[in-house]
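Numbering (our numbering), first residue to last: 1 to 329.
From the three backbone atoms N, C-alpha and C, an ideal C-beta is built for every residue, glycine too.
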Amino acid sequence: MRSSEFRLAATIATVTLAFFVVDFFFFRRSSVILDSDNWFELANVMMVLAAIIVAMMLVEWRIDKDRSRTGRLIAASAIAVRSLAKNGCLFVPMSFASVWFMYLASATDRPLMDQTLAALDAAIGFDWRAFLDLTNKQPLVAAMLVFAYHALARQLPLLFLLLAFAKRLRLTEFIALLAVSSAVTAILMSLVPAAGAYAYFQPRPIDFSNFTVRAGMWHFTELMRLRSGEPFNLLVTRSEGLVTFPSYHTALGIMIVYALRDYRWLFWSAGCLNAVMIVSTLPEGGHHLIDVIAGAVVAVASIVVVRTIASYDRGEALAAPAVFPLTKG
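Written as C-alpha cells, this is what we have:
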C-alpha cells in the first residue's frame with residue numbers, strides 16, 4: 001500500500017473509532033436504543049465484503065500468468081472489485097458510527113435554532129419564502145430542481161464504481177473526504193440543532209405545489225420523536241438524514257465534483273448537475289441559505305484537510321492502473 005493510501009485509510013479508521021467512542025459514551029444516557037439487529041447486519045455486510053476480497057485475490061492468483069487480453073482484463077477487473085470491497089470495509093463502519101451519532105445528537109431538548117438561521121439569512125439579504133415562491137411559480141425550474149436534488153443518491157454508487165475501476169486511490173481519498181466532512185458536520189449539528197426552513201416558515205401546500213409533497217420534511221417526524229425524550233429504537237438501515245445545519249447535500253455535491261477533477265467531461269457534467277442540486281437544497285431540501293453556505297465551507301475544509309493528510313504528488317495520484325482508462329482533462 002502506498003504511503004498516501006495508508007494515511008487516507010488511517011484517517012478514515014481514526015474518524016470511525018472516534019465516532020464509536022463518542023457513541024458508546026453517550027448512548028447509555030440517551031433515549032436512543034440501538035437495535036441488536038444492527039450488529040448482525042453490520043457483521044453480515046463485513047463478512048460479505050471480506051469474502052469478495054478473498055474471492056478476487058483467488059481470481060488474481062489464478063489468472064496471474066495469463067497474458068492474453070481477456071486474462072489481463074479479468075485480472076484488472078478483479079483488482080478493481082477487490083479495491084471496491086476493501087474501501088467498503090472502511091466506508092460501512094464509518095457510515096454506521098456516524099449515523100448512530102447523528103441520532104444520539106438529535107435526541108436533545110435543546111431549543112431549535114431555526115429562528116437564528118433565518119435571521120442570518122435575512123441579514124445577508126436572502127428571503128427564503130420569496131425564493132420558494134419564485135421557484136414554485138416556474139414548473140420547469142421546479143422539476144429540474146427536484147430531479148437534481150434526488151439525483152445525488154444515484155451519483156454516489158456510480159462514483160464508487162467509476163473510481164474503483166478507473167482511479168482506485170481517488171476512491172480511498174473520497175471516503176476520507178466523507179469521513180472528515182462527517183466529523184465536522186457532527187460537531188456543527190450538535191452545536192446548532194435545527195428542523196429546517198419548512199418546519200420554521202410552515203408554508204401552505206399550494207406554496208410548494210411544484211415540489212414534492214414532503215419537501216424538506218422527510219425527517220421531521222423522526223426528529224420530533226427523538227426530541228420527545230421517549231425511547232427510540234434505531235435501525236441504521238432505515239435511518240433518515242437529520243442534519244439541517246450544515247447542508248450535507250451541499251458538501252457532498254462539491255466533494256463529488258472534486259473527486260472527478262481528472263476527467264474534464266465528467267467534471268463539468270457533474271459540476272453543472274450539482275450546482276443545480278445545491279440550489280435545490282433550498283426549496284426541495286428545505287435548508288436555510290446559511291445551511292448551504294456552511295455545507296460549502298465543510299466541503300472546502302475537508303478537501304484541504306484530506307489533501308494535507310495524503311500529501312501525494314500528481315504522479316502518485318495517477319499511478320494506480322485502470323481497467324477502463326478515461327480521457328483526463
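Around the Cβ of W128, a 10 Å sphere holds 16 or more other Cβ atoms; the residue is buried.
Nearest in C-alpha terms to F131, of all of F208, R307 and A123, is F208.
By the Cβ neighbour-count rule, E173 is buried, with 16 or more other Cβ atoms within 10 Å of its own. Contact check for V298 against T116 fails: the beta carbons are separated by 7 Å or more. The residues G196, A197, T244, S247 and T281, in chain order, have a CB closer than 7 Å to that of H287 in the same chain once the five nearest residues on each side in sequence are set aside. The segment 207-278 is shown to contain whole alpha helix (DSSP H) runs of 4 or more residues at 220-227 and 248-259, in chain order. Around the beta-carbon of T221, fewer than 16 other beta-carbon atoms lie within 10 Å, marking it exposed.
Beta-bridge partners assigned by DSSP to V59: none are found.
The three-state reading of DSSP puts I52 in helix, counting H, G and I together. Residue environment analysis places V48 among the exposed positions, since fewer than 16 neighbouring C-beta atoms fall within 10 angstroms of its C-beta. Assignment of V180 by DSSP, reduced to helix, strand and coil, places it in the helix class. Pairing S98 with F19 gives a Cβ-Cβ distance under 7 Å.
Here I187 carries a helix assignment [DSSP, helix/strand/coil]. Between I309 and T11, the C-beta gap is smaller than 7 Å, which places the two residues in contact. In this structure, G229 places its C-beta atom within 7 Å of the C-beta atom of S31. Within the same chain, A85 come within 6 Å of I52 by CB-CB distance, once the 5 residues on both sides are set aside.
In this structure, V59 sits near A78, with a CB-CB distance shorter than 7 Å. DSSP places I33 inside the beta strand (DSSP E), whose first and last residues are V32 to L34. Counting only the Cα atoms, A105 lies some 10 Å from V192.
For H150, the three-state secondary structure derived from DSSP is helix. Cβ-Cβ separation between L152 and M277: approximately 6 Å, consistent with a contact (criterion under 8 Å). Going by DSSP, M94 is part of the alpha helix (DSSP H) stretching over R69 to S106. Counting C-beta pairs with one atom in each stretch, the segment 176-190 and the segment 266-273 have fewer than three that are closer than 8 Å, which means they do not touch.
The beta-carbon distance between A194 and M217, rounded to whole angstroms, is 13 Å. This is too long to meet the 8 Å contact definition.
Within the same chain, N274, M277 and I278 come within 6 Å of G253 by CB-CB distance, once the 5 residues on both sides are set aside. Note on S311: under 16 other CB atoms within 10 angstroms of its CB, so exposed under the neighbour-count rule. For D121, same chain residues with a beta-carbon under 8 Å away, outside a window of 5 residues either side, are D127, W128, H288, L289 and I290 in chain order. Across the structure, L163 and N87 are spaced so that their CA atoms are roughly 11 Å apart. Note that the C-beta distance between L235 and D66 is not below 7 Å. For G295, the uninterrupted alpha helix (DSSP H) segment begins and ends at L289 to A310. Counting along the chain, V15 sits inside the alpha helix (DSSP H) bounded by residues S3 to F27. Only buried fits V81, as 16 or more other CB atoms lie within 10 angstroms of its CB. Sequence-distant partners of M144 (beyond 5 residues in either direction) whose C-beta falls short of 7 Å from its own C-beta, in its chain, are V276.
Here R204 carries a coil assignment [DSSP, helix/strand/coil].
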